[in-house]
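**Student:** Counting from 1, one number per residue, gives the positions in the sequence shown under this note's numbering. Glycine residues also receive a C-beta, built at the ideal position from the N, C-alpha and C atoms. This structure is a prediction, so every number in the text was calculated from the model and none was measured.
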Amino acid sequence: MNPLNELLQPRLNEGAVPAAEVMALGLYHPQHGYYRRKEGPWGFAGKDYYTALDLGPLLGQTLALRLEAAWERLGRPARFTALEPGAGRGWLGRDLLNAVSGPFAEALIYVHRDDNPAARHAAEAALAPFLQANRARFASETDPLEPFTGCVFSNELFDALPAQPWRWNGEQWAREVLAASGPEWQAADPGEAGVWFAAQTDGLEPGDGSIWCEALPGLVRELSRALEAGLFLAVDYGESADRLLAKGADLRRFKAHGVDGLWHEDLGEADLTSDVDFTRLAHVLEGEGLTSLSHMELSRWIRTHAPLDAWGAQWMGLPAPDRMKRTENLLQLTLPGMMGSRFRVLEGWKGNEG
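1) What does DSSP give as the partner residue(s) for residue 211 in the beta ladder?
2) Kindly list the residues whose CB is nearer than 8 Å to the CB of residue 21, restricted to its own chain and excluding five residues on each side of it in sequence; keep chain order.
3) So what does residue 247 bridge to, in DSSP terms?
4) Cβ atoms of residue 86 and residue 114: under 8 Å apart, would you say?
5) Count the other C-beta atoms from every protein chain shown that fall within 10 angstroms of the C-beta of residue 142, then say buried if there are 16 or more, exposed otherwise.
6) Please classify residue 104: does DSSP put it in a helix, a strand, or coil?
7) Are the region 328-335 and the region 301-320 touching, with three or more C-beta to C-beta distances below 8 Å?
8) Flag this pair as touching only if the region 2-9 and the region 21-31 have three or more C-beta atom pairs under 8 Å; answer yes or no.
9) Given residue 144, which residues of its chain have a CB within under 8 Å of its CB, disregarding the five upstream and five downstream residues?
10) Would the region 107-124 and the region 169-184 be scored as touching if the rule is three or more Cβ pairs under 8 Å?
11) Can the beta-carbon of residue 2 be found closer than 8 Å to that of residue 57?
12) What residues in its chain sit with their C-beta under 8 Å from that of residue 139, if we drop five residues either side in the sequence?
13) In terms of alpha-carbon separation, which member of 340, 101, 199, 157 lies closest to residue 271?
14) Residue 15 to residue 186, Cα distance in whole Å?
15) I'd like to check one pair, residue 277 with residue 244: are the Cβ atoms closer than 8 Å?
16) Do the region 298-306 and the region 249-267 meet, that is, are 3 or more Cβ pairs less than 8 Å apart?
17) Are residue 286 and residue 344 closer than 8 Å when you measure CB to CB?
18) Taking the alpha carbon of residue 215 as the reference point, which residue from 281, 256, 133, 101 has its own alpha carbon closest?
19) Roughly how many angstroms lie between the CA atoms of residue 75 and residue 149, to the nearest whole one?
20) If distances are taken between C-alpha atoms only, which option among 78, 116, 247 comes closest to residue 204?
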């Protein structure tokens, strides 16, 4: 039997277990959790999913431009720390560090924060030259964060936090749970979640629903309070709160590049995610003192901040295979219906300009 199913069985014998607790177990159990495995799930053949980083370096190159702009806004401090929580393989940090140059490169220190063993192993290889040059370092998720000036940025961090699906049936709320016979919906009091959902719509309709991430405020508080001044940037799946309610956001399972709603199957052997409520994320950040908060589709963010004409001219000098890879990378991030339209980018600012 699946070891996590064995661990769950005594709980199921006593009653249903909320979906968020099952998700937490499946992803983060110290021995059997999906994000605690020795082999990483990222990539194409034989893997479970790919990210924007598998497509090429353009996300990291655009990020480099946004971070340099933040450095300028801060008055070009001698040290600019870029902290990436949930940093995975370190590829975004690698692409960022490869893209910067001049005085900003001398000021930039990249911090990789991820306790996933597979992620750490892959990041050690990806970041090796920057680690040797003292331009990058590792931090554990259990280490307290020292105050710094610079940026907190993440790619697919918040969609991996355990989340609880809720549904409105026209009369009351129900939460999704795992019972001995399988998943089901049970009437329950949503508490703070219900107050939030009701405030995001002019009127609830039967079938409306969304997810509630209990851990979101704590993580945001930890990250934003360490950031004394600078940019907070998050790339993730998700939407505004009203749109999530209208579509009935739920949990998803990613396995072998397929996606479905069978979140209760293959625990520890498949990725589990949920949409990020960007309205709530911005609301929590605002409560921590961040300003200028906004979010937009990744495709629009790339088109807004990347020098696409200059890039196109530069690519003309590349060998044909490399030029094709760069072009495909750009199309994936900017064309409707592709990866760029499935992700959003939130930005916020903390502190005073230099």
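**Tutor:** Result, derived from the coordinates:
1) Beta-bridge pairing links residue 211 to 165.
2) Non-local beta-carbon contacts of residue 21 in its own chain, meaning distances under 8 Å to residues more than five positions away in sequence, involve 162 in chain order.
3) Beta-bridge pairing links residue 247 to no other residue.
4) Their beta carbons are under 8 Å apart, which means residue 114 touches residue 86 by this criterion.
5) Under this definition residue 142 is an exposed residue.
6) In the structure shown, residue 104 sits in a helix (DSSP, three-state: H, G or I).
7) At 8 Å Cβ cutoff, the stretches touch.
8) Enough Cβ pairs lie closer than 8 Å, so yes.
9) So the list is empty, once near-sequence residues are dropped.
10) Short answer: they don't touch.
11) Contact flag unset, no.
12) Taking residue 139 as the centre and dropping the five residues before and after it, the same chain places the C-beta of 83, 111, 112, 113, 145 closer than 8 Å to its C-beta, in chain order.
13) With distances taken between Cα atoms, residue 271 lies closest to 157.
14) So the alpha carbons of these two residues sit roughly 11 Å apart.
15) Remark: C-beta atoms of residue 244 and residue 277 approach each other more closely than 8 Å.
16) Proximity of the region 298-306 to the region 249-267 falls short of the contact definition, fewer than three beta-carbon pairs being nearer than 8 Å.
17) No, Cβ-Cβ distance for residue 286 and residue 344 is not below 8 Å.
18) Here the closest residue by C-alpha is 281.
19) The straight-line gap separating the alpha-carbon atoms of residue 75 and residue 149 is approximately 11 Å.
20) In terms of CA proximity to residue 204, 247 leads the group 78, 116, 247.
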